[in-house]
Structures are given as C-alpha cells and as structure tokens.
Amino acid sequence: MSNCRKCGQCSKHVKCVKPGKCDHCEQKKQPEKIVKNCEGCICNQLRRLQTQTEVDVFLSGGQVLEDVVFVSLNRKNCCAFFNDPTTEPGSTLIVDCQQIQAIRIEAD
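In our numbering, the protein residues as written are 146 to 253.
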C-alpha cells in the first residue's frame with residue numbers, strides 16, 4: 146500500500162481511495178459524502194410525511210412540541226422544519242430529526 150501524500154500514513158487508515166489519498170484524509174476533506182445522513186425511524190417518516198401535516202413532536206430530552214405543522218426536512222443536515230401557528234404564529238421551529246423520539250400525526 147502506498148503512503149498518502151497528505152498524511153504519509155495510509156497503512157494506519159482503512160485503505161487508499163485514490164492513489165496517494167487515504168480514506169482518512171478524504172473523510173476530513175468531504176465529511177458530508179462519507180457520513181450517512183438522517184438515519185432512523187423518525188427521519189424516514191418525515192421524508193414521506195406530507196407537508197402541512199399537523200403533528201406532536203416528542204423530543205429525546207422529554208420536551209413535547211404540540212400541534213406544530215410539518216414544513217420540510219433537509220436531507221443533507223437532518224433539520225426538520227415546523228411552524229407553530231398556535232403558540233407563536235409566524236415562527237419556525239428547526240429540529241434535528243435524529244433527536245426526535247416520536248411523532249403523533251394529528252387526526253383531521
């Protein structure tokens with residue numbers, strides 16, 4: 146195995162992804178391409194959830210966001226966007242979908 150021109154230590158890393166560039170150096174340079182984004186049950190549900198759906202959001206810390214309206218999910222950074230028309234009209238809540246324990250989809 147050849148040494149990485151950047152760190153000189155390919156033998157300590159997984160393997161070279163390109164001649165002269167080790168996997169470790171490539172991850173530092175482009176972490177968004179290596180990291181698996183937005184995994185988990187809730188993130189998967191939000192990908193499929195219709196926008197403007199009213200939900201209750203149960204956060205991992207125990208807090209509950211009641212009667213919020215789902216706006217969108219950014220698949221690259223896992224930010225889920227919700228509006229809160231009752232408590233704070235015009236405001237936007239931004240939550241990491243990986244920090245949501247559960248959602249309740251409100252009945253019409």
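Each residue gets a CB set at the ideal place from its N, CA and C atoms; glycine is no exception. Note that the structure is predicted; figures quoted are calculated from it, not measured.
Neighbourhood of residue i by C-beta, 7 Å cutoff - its chain only, sequence neighbours within 5 removed
i, result
"Gln190", "Ile248"
"Val200", "Val213, Phe215, Ile248, Arg249, Ile250, Glu251"
"Asn182", "Arg220, Lys221, Cys223"
Per DSSP, cross-strand counterpart(s) of residue i
i, result
"Cys224", "Asp241"
"Leu204", "Ile245"
"Ser217", "Phe226"
"Glu199", "Val214"
"Ile250", "Val200"
Residue from the options whose Cα sits closest to the Cα of residue i
i, options, result
"Ile187", "Val214, Gly207, Ala225, Gly206", "Ala225"
"Arg192", "Cys223, Gln244, Asp229, Gly207", "Cys223"
"Leu194", "Asn219, Gly207, Asn182", "Asn219"
"Asp253", "Asn182, Gly185, Thr198", "Thr198"
Whole-Å CB distance - residue i paired with residue j, under 8 Å assumed
i, j, result
"Asp212", "Thr231", "5 Å"
"Val216", "Val209", "Val216 to Val209, Cβ: 18 Å. No contact."
Own chain partners of residue i with C-beta closer than 6 Å, once the 5 adjacent residues on each side are dropped
i, result
"Ser205", "Gln244, Gln246"
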